[in-house]
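Protein chains in written order, with the working numbering: chain A, 1 to 257; chain B, 258 to 616.
For each residue, glycine too, the CB sits at the ideal point set by N, CA and C.
All figures in this text were calculated on a predicted structure; none of them were measured in a lab.
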Amino acid sequence: MTVQTILLLILLIGMIAVGGWKGFKSFIGLLSNFFILFFALIIMAVGVNPIVVTLVLSIAITSITLFFTSGFNEKTIAACVAVLLTVVITLFLTLHMGNAAQIQGFSPEQYESFSSFSFGNTLDFKKIIVCEMIIGLLGAVIDVAISITSPLQEIYQHQSTMSRKALFRSGMEIGSDILGTMTNTLLFAYLGGFITLILWFVQFNYAFAHIINSKVFCSEVFQILSSGIGILLVIPLSAWCMAYMLIPQQWRQVGGK
Amino acid sequence: MKKKLIVVMVLISALIYLGVDRNDVFYSEPIGKIIAIEETEISSTDDVHATGIQQKITVQLTNTKQKSATFVVINQSTVGQAFQERYMLNDHLFLKPIKMNNGKMVAVTISGLKRDRYMAYIGILFVLLTVFIGQKKGVMSLISVCVNALFFSLFILLYLKGYPLMLLAVIMSIALATTSIMLVCGINRKSAAAIVSTLLCTTFSMGLMVAVMYFTGEKGLYFEEMEFMPHDPVNLYLVGVLIGTLGGVMDIAISMASALNEMRQTHTELPHATWVQSGFEVGKDIMGTMANTLVLAYMSGSIALMLIWFQNNVPFSYVLSHNLNLEVTRALTSSIGIVMSIPVSIFVSTFLLKKGSVS
Chain A
1 MTVQTILLLI
11 LLIGMIAVGG
21 WKGFKSFIGL
31 LSNFFILFFA
41 LIIMAVGVNP
51 IVVTLVLSIA
61 ITSITLFFTS
71 GFNEKTIAAC
81 VAVLLTVVIT
91 LFLTLHMGNA
101 AQIQGFSPEQ
111 YESFSSFSFG
121 NTLDFKKIIV
131 CEMIIGLLGA
141 VIDVAISITS
151 PLQEIYQHQS
161 TMSRKALFRS
171 GMEIGSDILG
181 TMTNTLLFAY
191 LGGFITLILW
201 FVQFNYAFAH
211 IINSKVFCSE
221 VFQILSSGIG
231 ILLVIPLSAW
241 CMAYMLIPQQ
251 WRQVGGK
Chain B
258 MKKKLIVVMV
268 LISALIYLGV
278 DRNDVFYSEP
288 IGKIIAIEET
298 EISSTDDVHA
308 TGIQQKITVQ
318 LTNTKQKSAT
328 FVVINQSTVG
338 QAFQERYMLN
348 DHLFLKPIKM
358 NNGKMVAVTI
368 SGLKRDRYMA
378 YIGILFVLLT
388 VFIGQKKGVM
398 SLISVCVNAL
408 FFSLFILLYL
418 KGYPLMLLAV
428 IMSIALATTS
438 IMLVCGINRK
448 SAAAIVSTLL
458 CTTFSMGLMV
468 AVMYFTGEKG
478 LYFEEMEFMP
488 HDPVNLYLVG
498 VLIGTLGGVM
508 DIAISMASAL
518 NEMRQTHTEL
528 PHATWVQSGF
538 EVGKDIMGTM
548 ANTLVLAYMS
558 GSIALMLIWF
568 QNNVPFSYVL
578 SHNLNLEVTR
588 ALTSSIGIVM
598 SIPVSIFVST
608 FLLKKGSVS
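Rendered as structure tokens:
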């Protein structure tokens, strides 16, 4: 019995106890995402373009997380569209800037672990780093998207005279509320792994100038900031998608024909 | 006031944007700007399976007393660029002198790429987007991030001075949770409920993880795979899990406390049982997506490493067990904390918020 199997069992029991049938579905969704990711890695290892894999993977993970657990309805569809749009924009941004900054692959500090490996020609690390960044932020972006579309649907149900613009603004309000906690959540998640890196830097007396230019530090900062940018972009996108979905056509309320 | 803030931010951003490109003079290390590149394909000497690329680069110094002098340097890279970089025109490179003549550099070699401008660019983009999309609350979240970074730095400093790691970690966690929640929710019962529930759940799930580790003899955890091997891998790993779990649980606790408070506010005569049930309904929804968020965030970092292992024909089971074990355990512990925080938040909130609601 490994640590992982026991914790996995505890998690399953917990999710069913707290969430019932929905909790069980969430658990299955979680496992599926894990296996899909694993499968995507195998495909990338044989040479399929990581950018293509990232896009397909994003669609797959988003669909499972939203449609499998919460069903196929207005809020999940709007959230899905918003997430995919965000992924495309952030992907383009990361590809362009990340490649210019040359943060791909591994750093000189990690060389020892790889001395026995061959890298071959099939893996293009400039594209792989983009995959890492997008997948890292995908979960958070999905979370924010559904957290906006879901209450928007509730609000519209109670007040169906709202205009699309007003609905959009409500969505932005909700978004700015969750922005803070979500950024912090991701920051903490990445910070956990950051500790050993920072200690390494300090213990080996890296100069400040060296640290801020080093590949490994920059790639961590890039990951955190691009995740933040992804979360920021999905807020207006999901508010707009949901508002558009609920009110497809603007019509004049007074004396309209 | 809002318009003034935006104008100020845009101005500062513009200044940084322009300044970071010209800050070479502030560096003591020699920096050269690439003005010409000649590429040839070579068979890489290190790696027999990879095709190499050799760049003959002409750089022009942008700082030091020999400003504007040019040198020719060689850069070797592979097509995949796992370790090396393939430079482009106008990149700024850090240089290291390898031959001096009367105090003047005669020959140099590349020591790295100057990346600070890209950090600045993405930093500016992030801050501007936050201010435009998040407005006042966005600025609050930026402040919160800075405060957290400060606490974290303090933690590192004190640890290196010799203070006990676990004690520092616990104090830092309490400080992080308390300030983050108060910055988001204000100083009221809602925050108190969120803070209490966060601390309870994080403690419990960490305790659970340590107990499981103890009873299985840490079977399944391979600390040798930790990057940047520190002196104290197990404890530092635990601190990492603690911080990650704290983040996830905090988010759920705040969402739950807000939702429960909102419910109580709009229906002041809400019977307790209905209140609790509604709470569970809200919790069920957010539980799944938050767990997903954490799993994907943790696993993303290992992608490149796993790909190398697959490429080099390392068997699947080995990759699963040796590469992912630390991340998977981290994800599981955080997820357990999240799941637990739903009933705990409901219990704490309904207890604390019963007497008078919070606006």
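Within 8 Å, strictly: CB atoms of residue i and residue j
i	j	result
B:MET597	B:SER462	yes
A:ASN184	B:SER401	yes
B:VAL388	B:ILE273	no
B:PHE351	B:ILE428	no
B:ILE438	A:GLY192	no
B:LYS418	B:SER515	no
B:VAL365	B:PHE340	no
B:VAL336	B:ILE355	no
B:ASN497	A:ILE195	A quick correction: the sequence has Gly, not Asn, at residue 497 of chain B. Their beta carbons are under 8 Å apart, which means B:GLY497 touches A:ILE195 by this criterion.
B:LYS476	A:THR2	yes
B:LEU564	A:MET133	no
B:ALA554	A:LEU186	yes
B:GLN568	A:THR122	yes
B:ASP348	A:SER150	no
A:MET172	A:PRO236	yes
A:SER226	B:ILE294	no
A:THR54	A:GLY230	no
A:MET182	A:ILE77	no
CB contact below 8 Å: residue i versus chain B
i	result
A:ILE6	yes
A:MET1	yes
A:PHE72	no
A:LEU30	yes
A:GLU132	yes
A:PRO236	yes
A:ALA243	no
A:VAL18	yes
A:SER150	yes
A:TYR190	yes
A:GLN253	In this prediction, A:GLN253 scores a pLDDT of 48, lower than 50, which makes its location untrustworthy; no coordinate-derived value is stated.
A:ALA45	yes
A:TRP262	Absent from the model: residue 262 of chain A. The displayed extent of chain A is 1 to 257, so no value can be given.
First through last residue of the beta strand (DSSP E) which encompasses residue i
i	result
B:LEU370	361–370
A:PRO236	No beta strand (DSSP E) contains A:PRO236, which is instead part of the alpha helix (DSSP H) from 215–246.
B:VAL329	327–335
B:ASN358	349–358
B:LEU318	308–318
B:SER300	288–300
Any chain A beta carbon closer than 8 Å to residue i
i	result
B:LYS476	yes
B:GLN392	yes
B:LEU386	yes
B:THR473	yes
B:SER270	no
B:ASN582	yes
B:ILE331	no
B:LYS356	no
B:VAL288	At residue 288 of chain B the sequence reads Ile, which differs from the Val that was named. With 8 Å as the cut-off, B:ILE288 does not count as an interface residue toward chain A.
B:PHE485	yes
B:PRO600	yes
B:THR546	yes
B:HIS524	no
B:GLU295	no
B:ARG372	yes
Member of the options whose CA lies at the smallest distance from the CA of residue i
i	options	result
B:ILE292	B:GLY276, B:ILE269 and B:VAL330	B:VAL330
B:GLN534	A:THR5, A:VAL18, A:GLN4 and A:GLU220	A:VAL18
B:GLN312	B:ASN332, B:VAL571 and B:ASN320	B:ASN332
A:GLY98	A:ILE6, A:LYS127 and A:ALA243	A:LYS127
A:ILE64	A:ALA189, A:PHE27 and A:LYS165	A:PHE27
A:GLY20	B:PHE573, B:LEU589, B:ARG587 and B:VAL539	B:VAL539
B:ALA426	B:GLY443, B:SER592, B:PHE408 and B:LEU382	B:PHE408
B:MET556	B:TYR344, B:ASN580, B:PHE412 and B:LYS322	B:ASN580
Boundaries (first-last residue) of the alpha helix (DSSP H) holding residue i
i	result
B:GLU538	529–557
B:GLU519	490–523
A:SER32	3–45
B:VAL605	582–609
B:TYR375	373–386
B:GLY395	392–418
B:GLN568	560–568
Any chain D beta carbon closer than 8 Å to residue i
i	result
B:PHE567	Any reference to chain D falls outside this structure, whose protein chains are A and B.
Restricting to runs no shorter than 3 residues, where is the beta strand (DSSP E) found entirely within the region 64–151 of chain A?
none
Entirely within the region 148–209 of chain A and at least 4 residues each: give me those alpha helix (DSSP H) ranges in chain order.
164–203
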